[in-house]
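*Asks:*
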Amino acid sequence: MFDIDKWIEIFSTMRKNKLRTVLTAFSVAWGIFILIVLLGSGNGLKNAVMVNFEDDATNFIGISRGHTSMEYNGLKKNRYINFDSRDIDLLENQVDGLVTVTPILSMWSSSVSNGPNYGSFDTRGVYPAIAVSENLKVTSGRFINDTDVRLKRKVASIGTDVVKTVFPDSDPIGQYIKVNNILFRVVGVYNDAEWDNRYVYVPFSTAQALMSSRNEVSWFQTTTKPGISVEQSQEVVNQIRKKMAALHQFNPEDRSAVYISNYLESYDQTQKVFGSISLFIWMIGIGTLISGIVGVSNIMMIVVKERTREIGVRKALGARPGSVVSLVISEAVTITTIAGYFGMVFGVFVMEVVDYINDQIVAGKLAAANEAGNAVTFLNPNADIGIAIGATVLLIICGTIAGLIPALKAARIKPIEALRYE
0 MFDIDKWIEI FSTMRKNKLR TVLTAFSVAW GIFILIVLLG SGNGLKNAVM VNFEDDATNF
60 IGISRGHTSM EYNGLKKNRY INFDSRDIDL LENQVDGLVT VTPILSMWSS SVSNGPNYGS
120 FDTRGVYPAI AVSENLKVTS GRFINDTDVR LKRKVASIGT DVVKTVFPDS DPIGQYIKVN
180 NILFRVVGVY NDAEWDNRYV YVPFSTAQAL MSSRNEVSWF QTTTKPGISV EQSQEVVNQI
240 RKKMAALHQF NPEDRSAVYI SNYLESYDQT QKVFGSISLF IWMIGIGTLI SGIVGVSNIM
300 MIVVKERTRE IGVRKALGAR PGSVVSLVIS EAVTITTIAG YFGMVFGVFV MEVVDYINDQ
360 IVAGKLAAAN EAGNAVTFLN PNADIGIAIG ATVLLIICGT IAGLIPALKA ARIKPIEALR
420 YE
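At position 130 of the sequence shown the residue is numbered 129 (numbering that gives the first Met the number 0), and the sequence of numbers has no breaks.
Printed below as a string of structure tokens:
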């Protein structure tokens, strides 16, 4: 049953000792505030890093050519490795675990124009599967397809930034662009997750024919089976390196001959790093909470000491030990609950303000990303409200435990000794 007299007494005691109560409450509120801010900041960093992975499929494996750094079978080091159609056949037919294989032929800084409108953009000859590995979103028309590649059609799918420059006032679908003075019909417009909207994609076979590079490949983008483990993806990487080493005659241990980027491995390592960061944040936050709880316990010990004579009188008049314990614990829980609530609310409010300001900054960065190469480093720094509430409940439980020790001490006070206490 609700004992209003007890609560009147508790709040009266708190009013009489305002400074002590405020300082104790501040230590508790500060603990929950710091925990929420740390968790929100950690989430902001993690979200920003994960956005970078969204730009490509996480089961993506990139393969780039390099120079040998070791002598092998009588061949000198510093040989340049060139990719060609043999590598396409190798990846498509001899490596287990690859789902898509996209050879890329790159034409850097091509002149792209439509009438008086022109700009300099990178042109890439690709297979249709690049839309999977790059997570491209077609916004209008279509992407290049297998028929385009087979028939060596002069068609192109262009990024939204190319559209803004070359077709500022018209729909590009069905119109023609000149790429280094060669006409291509625009069949689609795509939008990428970040700043890769400045490419002109054309069929790989068409690029080879027009560039007089009948057999050249600049690099490869491949994807593995969805749901594959990191260990399995590393096995695929080892297969690629071993078979390419045999084809191009370099040491399989020579990592600079062919550069292979395993995004799934990088993604897994990043997840582990942020797992460690989250654990570290929780350790700091919990440590801060504990310091506040210890402060509550110490204050309640002081309260019991100050009210020893009063407690003795209560017990002499017939007060049960349980009522004494309840009084002390209730005061500790009241301070902890009120302080924890305000700490939680203020922490969530601060993170919401930071989130709003950051959204404006991120919007500006994304708008200028193509020109300046800006990257998002902080995104949606919000602490999970469930975690915030859970931490506050945990704080209240800890406050109860913190008040229990001095409460039990108060309950063990003998009336005669308490009355003699000075």
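Ideal placement from N, C-alpha and C gives every residue a C-beta, glycine not left out.
Here the structure is a predicted model, which means the values were calculated and not measured.
Just the Cα atoms here: how many angstroms apart are Pro127 and Lys241?
*Replies:* 27 Å
*Asks:* Just list the alpha helix (DSSP H) runs in the stretch 104 to 181, keeping only unbroken ones of 4 residues or longer that don't cross its boundaries, in chain order.
*Replies:* Runs of alpha helix (DSSP H) with 4 or more residues, each lying fully within the stretch 104 to 181, are found at 129 to 132, 145 to 150, 159 to 165, listed in chain order.
*Asks:* Apart from the five residues on each side of it in sequence, which residues of its chain come closer than 7 Å, Cβ to Cβ, to Met69?
*Replies:* Around Met69: Lys76, Asn250, Asp253.
*Asks:* Buried or exposed for Val148, going by 16 or more other Cβ atoms inside 10 Å?
*Replies:* buried
*Asks:* Going straight from the alpha carbon of Ser329 to that of Thr399, what length do you get?
*Replies:* 8 Å
*Asks:* Count the C-beta pairs between the stretch 274 to 284 and the stretch 74 to 93 that are closer than 8 Å, then say yes if the count reaches three, no if not.
*Replies:* no
*Asks:* Among the candidates Glu133, Trp29, Phe279, whose CA atom is the shortest distance from the CA of Thr221?
*Replies:* Glu133
*Asks:* Give the range of the beta strand (DSSP E) segment to which Glu232 is assigned.
*Replies:* Reading the sequence as shown, one finds Ser at residue 232 and not Glu. Where Ser232 is concerned, there is no enclosing beta strand (DSSP E), although the alpha helix (DSSP H) it sits in stretches over 229 to 247.
*Asks:* Classify Gly317 as buried or exposed, calling it buried when 16 or more other Cβ atoms lie within 10 Å of its own Cβ.
*Replies:* With fewer than 16 other beta carbons inside 10 angstroms of its own, Gly317 counts as exposed.
*Asks:* Using the three-state DSSP reduction, which class does Gln93 fall into: helix, strand or coil?
*Replies:* Correct three-state label for Gln93: coil.
*Asks:* Helix, strand or coil for Pro405? Go by DSSP, reduced to three states.
*Replies:* helix
*Asks:* In three-state terms, what does DSSP make of Gly389?
*Replies:* helix
*Asks:* Go ahead and pull the three-state DSSP assignment for Ile283.
*Replies:* helix
*Asks:* Out of Gln270, Arg123, Val162, Leu288, point me to the one whose CA is closest to Ser139's CA.
*Replies:* Val162
*Asks:* How many angstroms separate the CA atom of Gly187 from the CA atom of Tyr200?
*Replies:* 10 Å
*Asks:* Using the Cβ count rule (16 or more neighbours within 10 Å means buried), how would you classify Leu288?
*Replies:* It counts as buried.
*Asks:* Where does the unbroken beta strand (DSSP E) through Ser260 begin, and where does it stop?
*Replies:* 257 to 261
*Asks:* Helix, strand or coil for Gly187? Go by DSSP, reduced to three states.
*Replies:* Residue state for Gly187 is assigned as strand, using DSSP reduced to three classes.
*Asks:* Identify the continuous beta strand (DSSP E) that holds Phe59 and give its terminal residues.
*Replies:* Phe59 -> beta strand (DSSP E) spans 59 to 64.
*Asks:* For Leu113, is the classification buried or exposed, using 16 other Cβ atoms within 10 angstroms of its Cβ as the cut-off for buried?
*Replies:* Correcting the residue identity first, residue 113 is Asn in this sequence and not Leu. Residue environment analysis places Asn113 among the buried positions, since at least 16 neighbouring C-beta atoms fall within 10 angstroms of its C-beta.
*Asks:* Which value, in whole angstroms, describes the spacing of the CA atoms of Asn179 and Arg197?
*Replies:* 16 Å
*Asks:* Would you report the Cα separation of Gly30 and Gly43, rounded to the nearest angstrom?
*Replies:* 20 Å
*Asks:* Per DSSP, which one or two residues make a beta bridge with Tyr340?
*Replies:* Its beta-bridge partners do not exist; DSSP assigns none.
*Asks:* Residue range of the beta strand (DSSP E) that Phe219 falls in?
*Replies:* 218 to 223
*Asks:* Use the C-beta contact count for Gly146: other C-beta atoms within 10 angstroms, 16 or more gives buried, fewer gives exposed.
*Replies:* The sequence given here has Thr at residue 146, not Gly. By the neighbour-count rule (16 or more Cβ atoms within 10 Å), Thr146 is not buried but exposed.
*Asks:* Using the three-state DSSP reduction, which class does Thr101 fall into: helix, strand or coil?
*Replies:* If DSSP states are grouped into helix, strand and coil, Thr101 belongs with the strands.
*Asks:* For Ala366, count the other beta carbons within 10 Å of its own beta carbon; 16 or more makes it buried, fewer makes it exposed. Which is it?
*Replies:* Since pLDDT at Ala366 reaches only 49, below the 50 mark, its modelled position is unreliable, and the value read off the structure follows with that caveat. Exposed.
*Asks:* Within 10 angstroms of the Cβ of Leu74, are there 16 or more other Cβ atoms? Answer buried if so, exposed if not.
*Replies:* exposed
*Asks:* How far does the alpha helix (DSSP H) with Ser204 in it reach, from first residue to last?
*Replies:* Boundaries of the alpha helix (DSSP H) around Ser204: 203 to 209.
*Asks:* Can you pull the DSSP bridge partners for Leu74?
*Replies:* Tyr71
*Asks:* How big is the Cα-Cα spacing for Ile395 and Thr223?
*Replies:* Rounded to the nearest angstrom, the two C-alpha atoms are 49 Å apart.
*Asks:* Excluding the five sequence neighbours on either side, which residues of its own chain have a C-beta within less than 8 Å of the C-beta of Ser9, listed in chain order?
*Replies:* Contrary to the premise, residue 9 reads as Ile rather than Ser in this sequence. Here the set comprises Leu326, Ser329, Glu330, Thr333.
*Asks:* By Cβ distance, which residues of its chain are closer than 7 Å to Thr335, with the 5 residues on each side in sequence left out?
*Replies:* Val27, Val295, Leu394, Ile395, Gly398
*Asks:* How close, in whole Å, do the beta carbons of Thr57 and Leu263 come, if the pair is a contact with beta carbons under 8 Å?
*Replies:* 6 Å
*Asks:* Look up Thr12 in the DSSP assignment and say whether it is helix, strand or coil.
*Replies:* helix
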